[in-house]
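Remarks on the structure that follows.
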Ligand code: LLP
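In full-length UniProt numbering, the protein residues as written are 1 to 407.
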């Protein structure tokens with residue numbers, strides 16, 4: 001992974017001058033390219049990509065994704081609305097809730113959006129209200145431990161997500177009871193999954209369940225492809241996954257007696273590497289054991305390092321040829337918000353611009369106003385031009401919904 005000074009010919013330093021820091025920057029070309037790569041890797045099957053909107057939910061990103069031929073996986077009614085605002089057709093959006101209230105389900109159905117039913121009680125209620133009149137999908141928990149760490153493993157036995165594969169008899173009973181129109185089955189086992197075998201294993205669970213559902217149109221394998229965060233990280237070999245899963249899938253379709261669609265829900269794979277968080281060094285502070293670089297950002301803008309011990313590459317844009325030294329890059333939040341620990345960087349001076357890599361996925365979308373700080377602006381580089389796609393928040397934004405009462 002190179003340390004770019006330019007994105008599609010646009011100077012990152014010039015973006016700092018124009019839009020200020022901290023700043024999220026997205027390379028639109030990279031996102032489009034990732035979609036193409038995925039489409040090619042799964043070229044042997046009828047593929048539908050449903051982008052995991054939660055990774056990066058700016059409406060312009062959703063528009064870009066639509067133009068590149070992918071749809072949307074939404075995990076809240078708000079994400080459904082964002083998808084619609086970005087121009088996705090209702091049949092290009094799936095709503096995958098996790099234990100939400102039925103009023104949200106009703107709202108999504110009224111909008112014409114397919115629901116991924118994630119619990120037996122929801123199947124019951126859905127059946128009571130709609131019977132078999134509305135096509136739906138079922139999210140199965142396949143009991144597969146996968147993913148980079150337990151916090152992002154979503155398909156193991158003790159995970160809250162989906163309906164346990166061991167409860168297949170109850171699922172089938174509920175489907176029969178309400179004559180539910182089940183057109184898809186879904187799994188998502190986790191995030192940061194390296195191994196093609198995990199997707200094959202998940203596929204086998206889907207196939208065994210699918211045989212019991214005669215009216216299926218698709219099987220959804222979820223997302224979770226690993227991208228490279230560290231310099232020597234190996235990413236999921238998408239070509240290998242694509243070819244192995246496609247072969248298994250086509251074999252199954254023969255057994256099933258009908259050509260189904262294969263759905264995928266990548267988040268990180270599409271947007272992680274396309275995103276950069278540009279920050280400024282406020283202070284370089286030497287202590288007896290560590291040299292700290294304090295930047296004008298922190299866990300309020302990028303929480304992944306603190307929440308998952310995630311590694312994000314960092315480089316000094318302002319002094320690429322400086323002498324190398326080790327630094328702890330830390331945020332300005334009143335918490336221990338270490339962005340990079342004992343990291344070798346070229347010499348950092350106060351005022352230098354640092355770039356944090358892999359900030360596209362779960363960066364801005366997991367940001368907050370903690371410490372009463374404002375969120376950064378977002379810029380999308382498209383066709384060699386930079387567009388601000390979200391303004392930097394200001395103090396008025398911060399207090400907008402507070403009501404100051406007299407007492
Ligand atoms: N589909 C479903 C149902 C999901 O829950 C997720 C992620 C995805 C697809 C996309 O997974 P991806 O391709 O991005 O790995 N915030 C964590 C990741 C949590 C992911 C939650 N679900 C992180 O920053 O590592």
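Built from N, CA and C at the ideal position, the CB exists for glycine as well.
Three-state secondary structure (DSSP) of residue i
i           : result
residue 327 : strand
residue 33  : helix
residue 93  : strand
residue 225 : strand
residue 53  : helix
residue 334 : coil
residue 60  : helix
residue 11  : strand
residue 256 : helix
residue 81  : helix
residue 280 : strand
residue 28  : helix
residue 213 : coil
residue 17  : helix
Residue i beta carbon near the ligand LLP (any heavy atom closer than 7 angstroms)
i           : result
residue 99  : no
residue 237 : no
residue 408 : It is not possible to answer for residue 408, since the shown part of the chain is limited to 1 through 407.
residue 366 : yes
residue 266 : yes
residue 223 : yes
residue 154 : yes
residue 308 : yes
residue 55  : yes
residue 136 : no
residue 408 : Any property of residue 408 remains undetermined from this structure, which presents the chain solely from 1 to 407.
residue 52  : yes
residue 73  : yes
residue 96  : yes
residue 199 : no
residue 191 : yes
residue 143 : no
residue 269 : yes
residue 301 : no
residue 312 : no
residue 188 : yes
Residue i vs residue j beta-carbon contact at 8 angstroms
i           : j           : result
residue 273 : residue 223 : no
residue 140 : residue 165 : yes
residue 356 : residue 302 : yes
residue 242 : residue 86  : no
residue 52  : residue 267 : yes
residue 134 : residue 104 : no
residue 178 : residue 127 : yes
residue 186 : residue 155 : no
residue 220 : residue 257 : no
residue 343 : residue 326 : yes
residue 54  : residue 75  : yes
residue 90  : residue 113 : yes
residue 69  : residue 246 : no
residue 300 : residue 279 : no
residue 10  : residue 313 : no
residue 227 : residue 269 : yes
residue 381 : residue 28  : yes
residue 216 : residue 260 : yes
residue 338 : residue 348 : no
Status (buried if at least 16 other CB within 10 Å, exposed otherwise) for residue i
i           : result
residue 123 : buried
residue 334 : exposed
residue 304 : buried
residue 401 : exposed
residue 14  : exposed
residue 255 : exposed
residue 79  : buried
residue 36  : exposed
residue 92  : buried
residue 378 : buried
residue 25  : buried
residue 147 : buried
residue 406 : exposed
residue 234 : exposed
Limits of the alpha helix (DSSP H) - the one that residue i falls within
i           : result
residue 174 : 168-178
residue 269 : 268-271
residue 130 : 120-130
residue 107 : 102-111
residue 201 : 196-210
Interface flag, residue i vs chain C, CB-CB below 8 angstroms
i           : result
residue 368 : Judged by its chain identifiers, the structure shown contains no chain C, having just a single protein chain.
Run of the beta strand (DSSP E) containing residue i, from where it starts to where it stops
i           : result
residue 292 : 291-295
residue 136 : 136-141
residue 303 : Careful: residue 303 lies outside any beta strand (DSSP E) and carries neither H nor E.
residue 161 : Here residue 161 belongs to no beta strand (DSSP E), and DSSP marks it neither H nor E.
Heavy atom of the ligand MG within 7 angstroms of residue i beta-carbon
i           : result
residue 352 : The model on display carries the ligand LLP but not the ligand MG.
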